[in-house]
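Numbering (our numbering), first residue to last: 337 to 817. C-beta: ideal position from N, C-alpha, C; glycine also. Note that the structure is predicted; figures quoted are calculated from it, not measured.
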Amino acid sequence: MNHNLPRFEVSGKTFGQAVFGGILFLSLIVPLIFSTAFYSYSMPKLVILQVGMVLLAVLWVVGMVLDGEIFLIDTPLYFIFFAFLAVHLISLFQSYNVFRGLDALFQYVCYFLIPVLVFHTVRSKRQLLLLAGVMALTGTIVATIGLLQHNGVYKFSYPWNVPVSTIGNVNFVAEYYNVVFPISLVLILAYRNILLKGAAVLACFLMACHLVVLGSRGGWLGCIVSLSIFGIAATLRHYRVGHRIVEVVCVPVVVLVMSWPVIGSMMSSIQVGPNQRFESLAGDYWNRISSRTEDALKLQDDSSQQRVYLWEDTFRMIFDRPVVGVGVGNFEFNIPRYMSRRALEVKMRMEKEVGSPLMPFRAHNEYLEVWAETGILGLGVFFLLLYQVVKTLYKQFKRYVEGDGDLLSVGLAAAFSATLAHSFFSTNLQDPASALHFWIVVGMIWSLKFNAEGEDRIGLLVTDAGKVTFGVISAGGIAWI
């Protein structure tokens, strides 16, 4: 009698396609989902992301089991991920709230799963463009809802009647656009179909309009960084391939100067409201942008002062525990002990203005928060992770400049750079919407790398026996439940 359990005949390729579909679904639903049952926008997003990532990880492993071998694509990312998680685990011994630390640690595990699943299952150019297209579509929906809110056409339930769409905070929206806007921008050139090109142009236009009405200085910074990356890439590519640096620099300037009178005339004739034309509306927003930027540089507004004083308080926390930090996820529980009188005064003024208590849950600086929570060891591993991504991205960017790379790498470089720049003033990798798309970008970077350079596999477990297959599938199902 054969005591072996029956083998499963379903191909692992089917599960790989299911994982890809799940990534597309999460990239669409996480930024859009919200519930009036929660005061926090992030709560349902985080729950959907965590449950979804565990499910996709189970499907990925089951697919490999059905193909007869569990393997990993050879990349140093795994070692850095494990080192990062190990340092954070050690920091738990310093934590005031261990359970909050475990929750934050699990969030990191889910985030790190994202790029791993992407470069294992998203490899073809069509899949990459489809994933980028879904990201652009989601950004279009977010921007449309935000603009409708701004104009009073569509309102959420109290207290969310503000033009932040489904994301939940002006900074969070800007963090999300840091990633999605450059990806949408590159699709204008990457798509060959005229309708898809038009859709990409519309996506960029709506997101740019939404950023203007939000007035987020971090969003403007991200746009400047992104556009600079595109400009540098175009200039270097034309110079290296065609040696036409004069044309690249001069022609756009000449065209803009010659066409500006026509553009100004058109703007002055477009009616956008009662007794208001597009030219005056654009001028009002430009003055608003200039004023807010000047206030930030001179530290004349509470938002800028709050950040600076909070950074000073965070440094005091860092110097108190410089090696292992206060524990992952425990910044919010420790920062009140280090807040200065000036920081408390700004906090009280802002609370009086909004009519509700405010708590500095974040350091408004990704790098300082990692340093404060996990010490110099955690910050060192974090920088090692960023270095590894930058190193890989630089090779692809250089390949494109030399005329042999993929245009998508420029968009990925712009999204990555914009996020890192904005992270000096916010915590971009903590919000579920922006963090999900940032780590998708990291996965896409490695997908392009393996497409261009090939891959080596590391075999972990051969799963020929029926019992092994059944055991792995059962364990995966229990883990997800």
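| Item | Value |
| --- | --- |
| Where the alpha helix (DSSP H) containing Ile477 begins and where it ends | Lys461 to His486 |
| Pair within 7 Å by beta-carbon distance, Gly475 and Pro499 | no |
| CB contact flag (Ser770, Arg459, <7 Å) | no |
| Per-residue burial, Phe448 [other beta carbons within 10 Å of its own, 16 or more giving buried] | buried |
| Inter-residue Cα distance where the pair is Lys349 and Ala393 | 14 Å |
| Residues bridged to Arg436 [DSSP beta-bridge criterion] | Its beta-bridge partners do not exist; DSSP assigns none. |
| Beta-carbon spacing of Ala354, Leu395 below 7 Å | yes |
| Pairwise C-alpha distance: Arg673 and Val746 | 44 Å |
| Stretch-stretch touch, CB-based, cutoff 8 Å, three pairs: the segment 410 to 419 with the segment 361 to 379 | no |
| DSSP state of Arg677 mapped onto helix, strand, coil | helix |
| For Leu402 and Asn701, the rounded distance between their alpha carbons | 44 Å |
| Residue of Leu413, Ile654, Phe361 and Gly665 minimising C-alpha distance to Ile712 | Ile654 |
| Coil, strand or helix - Glu511 by DSSP | helix |
| Tyr730 classed as buried or exposed, judged by whether at least 16 other C-beta atoms fall within 10 angstroms | exposed |
| Beta-carbon proximity check, Gln762 vs Gly554, cutoff 7 Å | It is Ser, not Gln, that sits at residue 762 in the sequence shown. Yes, the pair counts as a contact, with Cβ atoms nearer than the cut-off. |
| Pick from Asn507, Ala535, Arg573 and Ala526 that is closest to Trp556, judged by C-alpha positions | Asn507 |
| Boundaries of the beta strand (DSSP E) in which Leu797 is found, first to last residue | Arg793 to Val798 |
| Assigned exposure category for Asn666 - 16 Cβ within 10 Å defines buried | buried |
| For Leu360, the residue or residues it bridges with in DSSP | The partner list for Leu360 (beta bridge, DSSP) is empty, contrary to what the question assumes. |
| Among Val664, Ala679, Met675 and Thr650, the one whose alpha carbon lies nearest that of Gln641 | Ala679 |
| Exposure of Val608, with buried meaning 16 or more beta-carbon neighbours within 10 Å | For Val608, the predicted structure reports a pLDDT of 46, less than 50, and the residue's modelled location is therefore unreliable. A value from the coordinates is still provided. By the neighbour-count rule (16 or more Cβ atoms within 10 Å), Val608 is not buried but exposed. |
| Secondary structure of Phe455, DSSP reduced to three states | helix |
| CB of Ala440 within 7 Å of CB of Val664, strictly | yes |
| Cβ contact (3+ pairs, closer than 8 Å) linking the segment 541 to 551 and the segment 775 to 792 | no |
| Close-in-space but distant-in-sequence residues of the same chain around Ile819 (CB under 7 Å, 5 per side omitted) | Because the chain spans 337 through 817 in this model, residue 819 falls outside it and cannot be assessed. |
| Three-state secondary structure assigned by DSSP to Leu765 | coil |
| Which residues DSSP lists as bridging Ile565, in chain order | Ile565 pairs with nothing; no bridge assigned. |
| Between the CA atoms of Val398 and Phe774 - distance to the nearest angstrom | 26 Å |
| Leu744: first and last residue of the uninterrupted alpha helix (DSSP H) it sits in | Leu744 to His758 |
| Host beta strand (DSSP E) of Leu408 (start-end) | Glu405 to Ile409 |
| Lys491: first and last residue of the uninterrupted alpha helix (DSSP H) it sits in | First-last for Lys491: undefined, no H or E at that position. |
| Identity of the residue in Val798, Thr799 and Ile794 nearest His456 by Cα | Ile794 |
| Same chain only: Cβ atoms within 8 Å of Leu743, ignoring 5 sequence neighbours per side | Val522, Leu525, Ala526 and Tyr736 |
| Separation of Val423 from Ser753, as counted between CA atoms | 25 Å |
| Which of helix, strand or coil DSSP assigns to Asn787 | helix |
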